[in-house]
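Q: Starting off with a structure, shown below.
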Amino acid sequence: MKRVFFFFLLVLQGAVFAKESPKFAVSEIPADLMKDVNVVYREDQSIFTIQTRSKATHRVYTVVTILNPNGKSHASEDIGYDKLSKITTLRATVYDAMGFVVSRLKNSDIYDQSGYDGVTLFSDNRFKSIDLSQGTYPYTVEIEYEVEYKFLFFVPSFYVQGDEKVSVQHGLYTLNYAPGLAPRYKATNIAQPPHVEHRPDGSGSISFEFKNIKPLELEAYSKTQYQFQYVQAGPTDFEYDSYIGTMDSWDSFGKWINSLNKGRDVLSDETKRKIRSLAEKGKTDEEKIKILYEYLQGKTRYVSIQLGIGGFQPFEASVVDQTGYGDCKALSNYMVAMLKEVGIKANYVLIRAGKNEGEIDPLFPTSQFNHAIACVPMQRDTLWLECTSQTNPFGYQGRFTGDRKALMITDNGAKVVNTVHYPAEKNIQSRTGEVFLLPTGDATAKVKTTYSGLQYENDNLNFILDDQADDQKKWLQKTIDIPSFDVKSFSIKNHKDKIPSAVVSVDLDLKRFATVSGKRVFVTPNLMNRSTSIPEKVETRKTNVVLKMPFIDLDTIRYHLPEGIYPEFTPKPVTLKSRFGEYEASFTIEQNNVIYIRRLKMNKGVYPPESYAELIDFYKSLNRADATKIVFLSKT
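Letter by letter, the sequence shown follows residues -18 to -1, 1 to 618 of mature numbering (1 follows the signal peptide of the UniProt record, and there is no 0).
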């Protein structure tokens, strides 16, 4: 009976849906918006309303047609909330290709869970997650939700297209505001001005509308964020959890951060005595800073704290000192407090951290940051301190926070500063190898590689330096770029300096390393550092060519030949020069030895779009040079 009743319900539900007029049929989409795309946004509306200095709402309405499995992610949504925000509306419907209703969102379809990320100790962040993906394509998903905020701090940005292979039939971004609370905004890559309405009472609205936007094709070797069309926005006067501030300048924003941090640098008398005792062991300020930094690393561990204003306000230094844990804000504040106790001025710094994170906009003050660090302005230099890592070398920033703009909080406000830039001469990978070739084509090799500067992080090397031997061996097996090999033995040494380095020594058995054909033996002399990628060709380059990391690779490989084998063909030296870098490769023949020397230097820089063809040619030449072979002849 239960099965019959369930079947009856399904039939009844289908009958109800069938009576409804079709909506959003795929056939209604203009043909030019369907070409070379995964999804089409029929509607993409974001309406943010500022009601008071401490209250706002955000309404989102999207209708997206998913054309193939590559667009599946657009059929899901995660909506965050916490004690200062709540989701007041959440509705969704799925339509088939003809526009008939397939299903509607039910409460049981909503996955409500904590925003716990594995490192957060305290958090009131939660999210409601829905996944409306279907197995039959195409289909259309209609989602509408509204979030009510009991604060005003963020104003959501709007990306016309958030990804490649996405077209937009209609998009709308609207900012409504109460009297005296007009938000600031900045449009990037958008030609048409917004529609602005000013009402007599001082309220108003700002709207950007977009129609029939064709898909964007991102260009390689470019700054991704600057290829999209998007609008940033931010409040001027705001209030967050009873903390009032303004954001019309970085100074005013810095003053608000100072108000959050005020009085949170107090340490106990016992801790003060211990800190002073430790610092006395250093002769210079830098030695004292290093001692206290390493004390911080040994005493504390990182945990995230996300409770209301706790997402922006650090724990008191005394709490970190007692418990031994804190988030990036708390640990950086603790470091600044310890240095203050020994008479060294340090600053709290907000930064957008991450190897692949976009840059902050220094000309548009908003909360664009995801991390906090500390810095110590010195007479000749500035020391930057990553306070969340227990293993980071003292004074080293690397790819996580280096070479970008950050916001240094000062006594009177804030200023935008540049973090450390590491030139090519600091980012060196230097490799020497001794390869003993056998008549069969097999070989053995002893290879020593020193990774310094930013190359210390190659393939996440910096994360395995303190691991167990088994995990280090797995890293070697994964990263050594030789077709067939066995690791016989290895050692890894870590040198934790401001310009850190790691030395990796490995003994290898190389199976079928050389190709044997009759009396000839073919060897590619570039042992394990061959360039193989070529930038994708484009007809008309639109954006600048951007090379982010300068570096130098040095390889010296000595090939020991067995008796009865001698070089028949040795390539000529190769020299390549371009605005992007320089390459040299040479071959020297000694008795029973061939020495291969390679040097590649790549420059950091921003180059005009028309130089992209030159970059392709440079990599093609580089790849050919790295793939060249030496031919040996056997006397037997």
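Just so you know, even glycine gets a beta-carbon here, dropped at the ideal spot from N, CA and C.
Mind checking whether Val22 and Leu15 have CB atoms under 8 Å apart?
A: In the sequence shown, residue 22 corresponds to position 40, counting from 1. In the sequence shown, residue 15 corresponds to position 33, counting from 1. Yes, Cβ-Cβ distance for Val22 and Leu15 is below 8 Å.
Q: Restricting to Cα atoms, I'd like to know which of Ala74, Lys408, Arg561 is closest to Ile534.
A: The count along the sequence shown starts at 1 and reaches residue 534 at position 552. Selected option, being the one with the closest Cα: Lys408.
Q: Between the C-alpha atoms of Pro590 and Thr525, what's the straight-line distance to the nearest angstrom?
A: As a first step, residue 590 must be located in the sequence shown, where it is residue number 608. As a first step, residue 525 must be located in the sequence shown, where it is residue number 543. Rounded to whole angstroms, Pro590 to Thr525 spans 8 Å at the Cα level.
Q: When the Cα atoms are used, what is the spatial distance from Phe507 to Tyr578?
A: Translated into positions along the sequence shown, residue 507 becomes position 525. Translated into positions along the sequence shown, residue 578 becomes position 596. A small fix is needed here, since residue 507 is Pro in this sequence, not Phe. The straight-line gap from Cα to Cα measures roughly 6 Å.
Q: Looking only at its chain, what residues have a beta carbon closer than 8 Å to the beta carbon of Ala180, apart from the 5 residues adjacent to it on each side?
A: Taking the sequence shown and counting its residues from 1, the one referred to as residue 180 is at position 198. It should be pointed out that residue 180 corresponds to His in this sequence rather than to Ala. For His180, where only same-chain residues beyond five positions count, the Cβ hits under 8 Å are Gly186.
Q: Can you list, in chain order, the residues of its chain whose CB lies under 6 Å from that of Pro359, leaving out five sequence neighbours each side?
A: Counting from 1 along the sequence shown, the entry for residue 359 is found at position 377. Contacts found: none.
Q: Taking buried to mean at least 16 other C-beta atoms within 10 Å of its own C-beta, is Phe562 buried or exposed?
A: Taking the sequence shown and counting its residues from 1, the one referred to as residue 562 is at position 580. Buried.
Q: With distances taken from CA atoms, which of His353, Ile462, Met229 is nearest Gln295?
A: Residue 295 sits at position 313 when you count from the first residue of the sequence shown. Cα-wise, what sits closest to Gln295 is His353.
Q: Excluding the five sequence neighbours on either side, which residues of its own chain have a C-beta within less than 6 Å of the C-beta of Val505, listed in chain order?
A: Taking the sequence shown and counting its residues from 1, one reaches residue 505 at position 523. Around Val505: Ala496, Ile612.
Q: Using DSSP with H/G/I as helix, E/B as strand and the rest coil, what is Ala567?
A: Sequence index remark: in the sequence shown, residue 567 carries index 585 (1-based). Ala567 falls in the strand class under three-state DSSP.
Q: Are the stretch 551 to 571 and the stretch 596 to 605 touching, with three or more C-beta to C-beta distances below 8 Å?
A: yes
Q: Within a Cβ cutoff of 8 Å, which residues of the same chain sit near Ile464, ignoring the five residues on either side of it in sequence?
A: Stepping through the sequence shown from its first residue, residue 464 is reached at position 482. Excluding residues within five positions, the ones whose Cβ falls inside 8 Å are Leu490, Leu492, Phe495, Leu509, Met510.
Q: Pull up the distance between the alpha-carbon of Leu443 and that of Ala57, whole angstroms please.
A: As a first step, residue 443 must be located in the sequence shown, where it is residue number 461. As a first step, residue 57 must be located in the sequence shown, where it is residue number 75. When rounded, the distance between both Cα atoms is 37 Å.
Q: Report all residues from its chain with a CB closer than 8 Å to the CB of Gln350; omit the five preceding and five following residues, and keep chain order.
A: As a working note, residue 350 is residue 368 in the sequence shown. Result list for Gln350: Arg334, Ile342, Asp343, in chain order.
Q: Buried or exposed: Leu198, going by 16 or more other Cβ atoms within 10 Å of its Cβ?
A: In the sequence shown, residue 198 corresponds to position 216, counting from 1. Around the Cβ of Leu198, a 10 Å sphere holds 16 or more other Cβ atoms; the residue is buried.
Q: For Asp91, is the classification buried or exposed, using 16 other Cβ atoms within 10 angstroms of its Cβ as the cut-off for buried?
A: In the sequence shown, residue 91 corresponds to position 109, counting from 1. Classification for Asp91: exposed.
Q: Output yes or no for whether 8 Å exceeds the beta carbon distance between Asp60 and Phe109.
A: One-based indexing of the sequence shown puts residue 60 at position 78. One-based indexing of the sequence shown puts residue 109 at position 127. Annotated as proximal: Asp60 and Phe109, with beta-carbon spacing under 8 Å.
Q: How is Gly53 classed by DSSP in three states: helix, strand or coil?
A: Looking up residue 53 in the sequence shown gives position 71. If DSSP states are grouped into helix, strand and coil, Gly53 belongs with the helices.
Q: Give me the Cα-Cα distance between Tyr404 and Thr383, rounded to the nearest whole angstrom.
A: Numbered from its first residue, the sequence shown carries residue 404 at position 422. Numbered from its first residue, the sequence shown carries residue 383 at position 401. Each residue's Cα considered, the two are about 12 Å apart.
Q: For the alpha helix (DSSP H) containing Lys256, name the first residue and the last one.
A: As a first step, residue 256 is located in the sequence shown; it is residue number 274 there, counting from the start. Residues 251 to 261.
Q: May I ask which residues mark the beginning and end of the beta strand (DSSP E) holding Ala388?
A: Locating residue 388 in the sequence shown gives position 406, where the first residue counts as 1. First-last of the beta strand (DSSP E) with Ala388: 387 to 392.
Q: Does chain D have any CB closer than 8 Å to the CB of Cys369?
A: In the displayed structure, chain D is absent; only one protein chain is listed.
Q: With a cut-off of 8 Å on the beta carbons, I'd call Asp219 and Leu163 a contact; round off their distance for me.
A: Stepping through the sequence shown from its first residue, residue 219 is reached at position 237. Stepping through the sequence shown from its first residue, residue 163 is reached at position 181. About 6 Å; that satisfies the 8 Å criterion.
Q: Alpha carbon to alpha carbon, how far is Lys193 from Ser12? Give it in angstroms, no decimals.
A: Here residue 12 refers to the residue found at position 30 of the sequence shown. Here residue 193 refers to the residue found at position 211 of the sequence shown. First, the residue type needs correcting, since residue 12 is Pro and not Ser in the sequence shown. The alpha-carbon atoms of Pro12 and Lys193 are separated by roughly 11 Å.
Q: Out of Ser473, Gly395, Cys357, Ile291, which one is the CA nearest neighbour of Glu221?
A: As a working mapping, residue 221 is identified with position 239 in the sequence shown. Of the candidates Ser473, Gly395, Cys357, Ile291, the one whose C-alpha sits nearest the C-alpha of Glu221 is Ile291.
Q: So, for Arg41: in the same chain, excluding its five sequence neighbours on each side, which residues have a beta-carbon less than 7 Å away from its beta-carbon?
A: Translated into the one-based positions of the sequence shown, residue 41 becomes position 59. If we look at Arg41 and ignore the five residues flanking it on each side, its Cβ neighbours are Ile29, Glu128.
Q: Secondary structure at Ala79, three-state DSSP: helix, strand or coil?
A: Counting from one through the sequence shown, the residue named residue 79 turns up at place 97. It is coil, neither helix nor strand.
Q: Label Pro217 either buried or exposed according to how many other C-beta atoms from any shown protein chain fall within 10 Å of its C-beta, with 16 as the threshold for buried.
A: Position 235 of the sequence shown holds residue 217. Counting the other CB atoms within 10 Å of its CB gives Pro217 a total of 16 or more, which places it among the buried residues.
Q: Going by DSSP, what residues sit across from Lys583 in a beta bridge?
A: The residue labelled residue 583 in the question sits at position 601 within the sequence shown. Partner(s): Ile534, Glu564.
Q: Nearest to Val503 by CA position, among Asp26, Leu420, Val19, Leu242, is which residue?
A: Here residue 503 refers to the residue found at position 521 of the sequence shown. For the residues Asp26, Leu420, Val19, Leu242, the minimum Cα distance to Val503 belongs to Leu420.
Q: Roughly how far, in whole angstroms, is the beta-carbon of Tyr141 from the beta-carbon of Leu49, given that I think they are within contact range, below 8 Å?
A: For the purposes of this step, residue 141 is taken as residue 159 along the sequence shown, with counting starting at 1. For the purposes of this step, residue 49 is taken as residue 67 along the sequence shown, with counting starting at 1. Between Leu49 and Tyr141 the Cβ distance is about 20 Å, and since that is not below 8 Å, they are no contact.
Q: Could you check what DSSP says for Phe210 in three-state terms: helix, strand or coil?
A: The residue you call residue 210 lines up with position 228 of the sequence shown. Three-state result, Phe210: coil.
Q: Which class does Lys65 belong to by DSSP, given the choice of helix, strand or coil?
A: Translated into the one-based positions of the sequence shown, residue 65 becomes position 83. In the structure shown, Lys65 sits in coil (DSSP, three-state: anything other than H, G, I, E or B).
Q: When you compare only the Cα positions, how much space is there between Gly62 and Tyr43?
A: Along the sequence shown, read from residue 1 onward, the residue named residue 62 stands at position 80. Along the sequence shown, read from residue 1 onward, the residue named residue 43 stands at position 61. Between Gly62 and Tyr43, the C-alpha separation is close to 16 Å.
Q: Flag this pair as touching only if the stretch 478 to 486 and the stretch 374 to 381 have three or more C-beta atom pairs under 8 Å; answer yes or no.
A: yes
Q: Using the Cα positions of Lys17 and Leu536, report the straight-line distance between them to the nearest angstrom.
A: As a first step, residue 17 must be located in the sequence shown, where it is residue number 35. As a first step, residue 536 must be located in the sequence shown, where it is residue number 554. Spanning the two alpha carbons is a distance of roughly 46 Å.
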